[in-house]
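**Student:** The structure is given below, and queries will be raised subsequently.
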Amino acid sequence: MYDSFNTLKNDCLLCRRCGLCEGRTTVVFGTGNENSNILFIGEGPGEQEDLRAEPFVGRSGKLLDLYLNGIGLDRKKNIYIANIVKCRPPQNRDPLPQEQEECLFWLREQVRLMRPKIIVCLGRISAAKLISPQFKVTVDHGVFYDKKGILMMGTFHPAALLRDPRKKEDALEDFLKLKEQLEKIKAAQN
Ligand code: SF4
13 MYDSFNTLKN DCLLCRRCGL CEGRTTVVFG TGNENSNILF IGEGPGEQED
63 LRAEPFVGRS GKLLDLYLNG IGLDRKKNIY IANIVKCRPP QNRDPLPQEQ
113 EECLFWLREQ VRLMRPKIIV CLGRISAAKL ISPQFKVTVD HGVFYDKKGI
163 LMMGTFHPAA LLRDPRKKED ALEDFLKLKE QLEKIKAAQN
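In my numbering, each number is its position in the sequence shown, counted from 1, plus 12.
Set out below in structure tokens:
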């Protein structure tokens, strides 16, 4: 158990808990403001993320930023973004269940230290791991689940939206629902 985000990050950057450490350039620990109320969680780093040590860069990242900015969120100011696995799976394959399980150690500590009020799972892998193994993004997206006091919602991975732009409207609705939830939290705090 860690008592600071910095110590956690320093140890994570040296992690060799699973085989994904062999092929990585960098450990992609996460980015953003760890004191914010909201945590976005994707699947794992791709090629650009691995090179730049930041989650959601490139075309996917730009699209995610558009959705975020549209509801007043900014990865540099008021959210935090991390992934289920922090090292790039080879050829961008899905992270294996054992790799996800090993890496969850770091994410659990991030969540414990952050104590976010809302977690948004970006894509199938993240939502299946954190919300329910039966989670189907096309059916269950945009629904908020209360898990031990944290509101959790799954929506489309931006890469899936680039592959199938017809889903963009659904994703926009999910982000508008997220905005509503954030407004409720803000109102309750005032
Ligand atoms: S993916 Fe996670 S558990 Fe595996 S080596 Fe990287 S940081 Fe460690």
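Glycine included, each C-beta is placed from N, C-alpha and C at the ideal position.
As a quick check of your reading: which residues have a C-beta less than 5 angstroms from at least one non-hydrogen atom of the ligand SF4, in chain order?
**Tutor:** Having a Cβ closer than 5 angstroms to some heavy atom of the ligand SF4 are Cys-27, Arg-29, Cys-30, Leu-32, Cys-33, Val-97, Lys-98, Cys-99, Glu-114, Cys-115.
**Student:** In this structure, how does DSSP classify Gly-166 when only helix, strand and coil are distinguished?
**Tutor:** Here Gly-166 sits in strand by DSSP.
**Student:** Counting pairs of Cβ atoms below 8 angstroms between the stretch 111-126 and the stretch 148-155, do you hit three or more?
**Tutor:** Touching, no.
**Student:** Where do the N-terminal and C-terminal ends of the beta strand (DSSP E) with Tyr-14 fall, by residue?
**Tutor:** Unbroken run through Tyr-14: none, as it is neither H nor E.
**Student:** In the DSSP assignment, find the unbroken beta strand (DSSP E) run with Asn-95 in it and report its ends.
**Tutor:** 92-95 is the extent of the beta strand (DSSP E) around Asn-95.
**Student:** Under 8 angstroms: do the stretch 40-59 and the stretch 89-98 share three or more Cβ pairs, one atom per stretch?
**Tutor:** Yes, the stretch 40-59 touches the stretch 89-98.
**Student:** Who does Ile-53 pair with in a DSSP beta bridge?
**Tutor:** DSSP output for Ile-53 lists Ala-94, Cys-133 as bridge partner(s).
**Student:** One question on the structure: do Glu-111 and Val-97 come within less than 7 angstroms of each other, judged by their Cβ atoms?
**Tutor:** Contact: yes.
**Student:** For the beta strand (DSSP E) that contains Asp-158, what are its first and last residues?
**Tutor:** 156-159 is the extent of the beta strand (DSSP E) around Asp-158.
**Student:** With DSSP collapsed to three states, give me the class of Thr-150.
**Tutor:** Three-state DSSP puts Thr-150 in a helix.
**Student:** Contact check, Asn-95 vs Pro-67 under 8 angstroms by CB: the rounded distance?
**Tutor:** Sure, about 5 angstroms apart at Cβ, within 8 angstroms.
**Student:** According to DSSP, which residues form a beta bridge with Thr-43?
**Tutor:** Its beta-bridge partners are Ile-93.
**Student:** Can you check whether the CB of Ile-83 is closer than 7 angstroms to the CB of Phe-187?
**Tutor:** Result yes, Cβ atoms of Phe-187 and Ile-83 sit closer than 7 angstroms.
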